[in-house]
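Going by the working numbering, the sequence shown opens with residue 1, and the numbers climb by one from there.
All residues carry an ideal CB built from backbone N, CA and C; glycine is no exception.
Below: one structure, written as structure tokens.
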Amino acid sequence: VQLQASGGGLVQAGGSLTLSCAASGSTSSIFVMGWYRQAPGKQRELVATITNGGSTNVADSVKGRFTISRDNAKNTVYLQMNSLKPEDTAVYYCNVGTWSVRHYWGQGTLVTVSS
């Protein structure tokens with residue numbers, strides 16, 4: 001599975017961004033898609049995931065501000081980020097998990113939120 005993420009950039013606090021991640025290759029093996037992030041000097045952390053059936057898991061730190069969705073026909077997962085805060089600044093990584101419990105990572109896209 002190959003992943004191509006896009007949508008990062010620079011935004012002011014309170015602003016919005018939408019990240020997209022398109023999967024290609026053995027997409028029929030995908031069970032869950034999601035986003036993780038890694039801020040400078042910190043460990044990578046889960047932001048949100050969504051299964052084929054639409055069940056979501058969203059980190060408490062972004063709950064109510066970020067929304068994850070997916071288009072199964074396009075094998076694409078989206079992360080709508082609203083009310084962005086400087087502490088949301090990080091490299092955001094797309095991730096997919098397969099039925100055989102393998103995980104694949106995208107190249108990362110930088111989100112910078114200025115105060």
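Are residue 48 and residue 59 closer than 8 Å when you measure CB to CB?
Sequence index remark: in the sequence shown, residue 48 carries index 48 (1-based). Sequence index remark: in the sequence shown, residue 59 carries index 59 (1-based). A contact, by the Cβ cut-off of 8 Å.
Which runs of the beta strand (DSSP E), 3 residues or longer, sit entirely within the segment 12-89?
As far as the segment 12-89 is concerned, its whole beta strand (DSSP E) runs of at least 3 residues are 17-24, 30-38, 45-51, 56-58, 66-71 and 76-81.
Local Cβ density within 10 Å of residue 88, reported as buried at 16 or more and exposed below that:
The sequence position of residue 88 within the sequence shown is 88, counting from 1. Only buried fits residue 88, as 16 or more other CB atoms lie within 10 angstroms of its CB.
Taking 8 Å as the cut-off, decide whether the C-beta atoms of residue 79 and residue 113 are in contact.
Residue mapping note: residue 79 aligns to position 79 of the sequence shown, counting from 1. Residue mapping note: residue 113 aligns to position 113 of the sequence shown, counting from 1. No, the Cβ-Cβ distance between residue 79 and residue 113 is not below 8 Å.
Could you give the distance in angstroms between the alpha-carbon of residue 17 and the alpha-carbon of residue 25?
Counting from one through the sequence shown, the residue named residue 17 turns up at place 17. Counting from one through the sequence shown, the residue named residue 25 turns up at place 25. Going from the Cα of residue 17 to the Cα of residue 25 covers about 27 Å.
Sorted by chain position, which residues of the same chain lie with C-beta nearer than 6 Å to residue 69's C-beta, five sequence neighbours on each side aside?
Taking the sequence shown and counting its residues from 1, the one referred to as residue 69 is at position 69. Only 78 meet the Cβ criterion.
Reference residue 103; option with closest CA among 14, 63, 27 and 64
Within the sequence shown, residue 103 is the residue found at index 103, counting from 1. Looking only at 14, 63, 27 and 64, the smallest Cα-Cα distance to residue 103 is reached by 27.
With distances taken Cα to Cα, identify the nearest neighbour of residue 52 among 2, 81, 107 and 72.
Reading the sequence shown from its first residue, position 52 is the one you call residue 52. Cα-wise, what sits closest to residue 52 is 72.
The beta strand (DSSP E) enclosing residue 2, as first and last residue numbers
Counted from its first residue, the sequence shown places residue 2 at position 2. In the DSSP annotation of this structure, the continuous segment of the beta strand (DSSP E) that includes residue 2 starts and ends at 2-6.
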